[in-house]
Amino acid sequence: MKQRVLTTRADLLGGSLARLASQAEVVGWTGTGKPDPADLAVLARDVSAILALGNDRVDAALLDAAGPTLRVVALASMGYDAVDRDAAAERGVVVTHTPGVLAETTADLTFALILMARRRLGAARDSLAAGQWDLFRMDDYLGLDVHGATLGVIGYGQIGRAVARRAQGFGMRLLHHDPSAPDDTLSKSVDLPTLLAEADIISLHVPLTPQTRHLIGAAELAAMKPTATLVSTSRGGVVDENALTRALRDGVIHSAGLDVFEREPMGRDLSPLVGEPHVVTLPHIGSATEATRAAMVDLAVDNIRDVLAGGPARTPLPGSSATPGARR
Ligand code: DGY
Numbered sequence: 000m001k002q003r004v005l006t007t008r009a010d011l012l013g014g015s016l017a018r019l020a021s022q023a024e025v026v027g028w029t030g031t032g033k034p035d036p037a038d039l040a041v042l043a044r045d046v047s048a049i050l051a052l053g054n055d056r057v058d059a060a061l062l063d064a065a066g067p068t069l070r071v072v073a074l075a076s077m078g079y080d081a082v083d084r085d086a087a088a089e090r091g092v093v094v095t096h097t098p099g100v101l102a103e104t105t106a107d108l109t110f111a112l113i114l115m116a117r118r119r120l121g122a123a124r125d126s127l128a129a130g131q132w133d134l135f136r137m138d139d140y141l142g143l144d145v146h147g148a149t150l151g152v153i154g155y156g157q158i159g160r161a162v163a164r165r166a167q168g169f170g171m172r173l174l175h176h177d178p179s180a181p182d183d184t185l186s187k188s189v190d191l192p193t194l195l196a197e198a199d200i201i202s203l204h205v206p207l208t209p210q211t212r213h214l215i216g217a218a219e220l221a222a223m224k225p226t227a228t229l230v231s232t233s234r235g236g237v238v239d240e241n242a243l244t245r246a247l248r249d250g251v252i253h254s255a256g257l258d259v260f261e262r263e264p265m266g267r268d269l270s271p272l273v274g275e276p277h278v279v280t281l282p283h284i285g286s287a288t289e290a291t292r293a294a295m296v297d298l299a300v301d302n303i304r305d306v307l308a309g310g311p312a313r314t315p316l317p318g319s320s321a322t323p324g325a326r327r
């Protein structure tokens, strides 16, 4: 009998689902919108694998709904903050994610945010579209330069490095803060206070963990230059949004570019940061190109196929097992 695999969305890109279907019975959430945990629990019964997105909550309740047949949860995402890793380890379930396939695409978007926020591109575009462009004025939409600025990268992993490579082309000076990343040819490793004080643009690339939650709060914002731009394509919870809103309103920093928020998705209940002057906001689209989203699904499917075939997963979460184990 074929093993069963649950996918939490029907709209997964790429041809991988067909590959999966040749090996397993794929049961998918087919409703519109985000599936309710109760609906997923019903679908999850007796599955061997779950293919989920980065913001689908994978907790003990879902793992238990699947039961002892479950061997792997494959995320089509780099971030894994919505997964209860301990609960998975206790049940001997491998959890995988998608490093390697989305760094360049996310770095591209990071640079788009830097340029938009610093050069006030969103406000300028909106004014033109609203029919307000009646005269060339020397002081319209004055921004701050990106070329030659100092870029501070917090979290110098694959995406942080890809951002640093792009910054070279802009003639930027590079600093990074990451306890596991020494100086390299692109960037100098510094402590957080030095980075906050010296960077003109600060870009966040750390995963969301208990240690990084609200890593950037009122004190850190106050330590930045008044001309600083804060950019985040990592996870919303890394920034204290209330503190950031106050800092922007009080002129503590110049601007912000955000692709991620503490509460996602927002629907009509918008964060106060949306619409704030000097803030550019996007709906979590850092990895959203056709090729990259398909590559993320492909890698998730590869991880499932490998584990179900009895082998190790290709890209287990850092520090966790690549093969299913016994329940503890
Ligand atoms: C990721 O891969 O972590 C992106 O944020 C999409 O979930």
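If you count the sequence shown from 1, position 89 lands on 88 in numbering that gives the first Met the number 0, and the numbers rise without skipping.
A virtual CB, placed ideally from N, CA and C, is assigned to each residue, including glycine.
Burial state of proline 276, where buried means 16 or more other Cβ atoms lie within 10 Å: For the purposes of this step, residue 276 is taken as residue 277 along the sequence shown, with counting starting at 1. With fewer than 16 other Cβ atoms within 10 Å, it is exposed.
Segments of 4+ residues assigned as alpha helix (DSSP H) that fall wholly inside the segment 14 to 65: 15 to 22, 36 to 43, 59 to 65
The segment 183 to 203 in contact with the segment 61 to 71 per 3-pair CB rule at 8 Å: no
DSSP-derived helix/strand/coil call for valine 341: Residue 341 falls outside the range modelled here, since the chain spans only 0 to 327, and no answer is possible.
Three-state secondary structure (DSSP) of isoleucine 252: Taking the sequence shown and counting its residues from 1, one reaches residue 252 at position 253. Of the three classes helix, strand and coil, the one that applies to isoleucine 252 here is coil, per DSSP.
Candidates Leu11, Thr6, Thr7: closest to threonine 288 by CA position: Residue 288 sits at position 289 when you count from the first residue of the sequence shown. When each option's Cα is compared against that of threonine 288, the closest is Leu11.
Near the ligand DGY: serine 286 beta-carbon under 7 Å from a heavy atom: Working through the sequence shown from its first residue, we reach residue 286 at position 287. Indeed, a heavy atom of the ligand DGY lies less than 7 Å from the Cβ.
Check: serine 76 C-beta below 7 Å from any heavy atom of the ligand DGY: Against the sequence shown, residue 76 aligns to sequence position 77. Yes; taking the cut-off as 7 Å, the Cβ of serine 76 has a heavy atom of the ligand DGY nearer than that.
Meets three-Cβ-pair contact criterion under 8 Å: the segment 165 to 181 and the segment 224 to 233: No, they do not touch.
Burial state of glycine 168, where buried means 16 or more other Cβ atoms lie within 10 Å: Position 169 of the sequence shown, counted from the start, is the residue given in the question as residue 168. Exposed: under 16 other Cβ atoms inside 10 Å.
Cβ shell of glycine 121 (< 6 Å), same chain only, five flanking positions each side left out: Taking the first residue of the sequence shown as position 1, residue 121 is located at position 122. Counting only Cβ-Cβ distances below 6 Å, and skipping sequence neighbours, we find Met115, Val279.
Cross-strand partners of serine 202 (DSSP beta bridge): To locate residue 202, count along the sequence shown from 1; it is residue 203. Per DSSP, Val152, Val230.
DSSP-derived helix/strand/coil call for proline 181: Stepping through the sequence shown from its first residue, residue 181 is reached at position 182. Note: proline 181 maps to coil in three-state DSSP.
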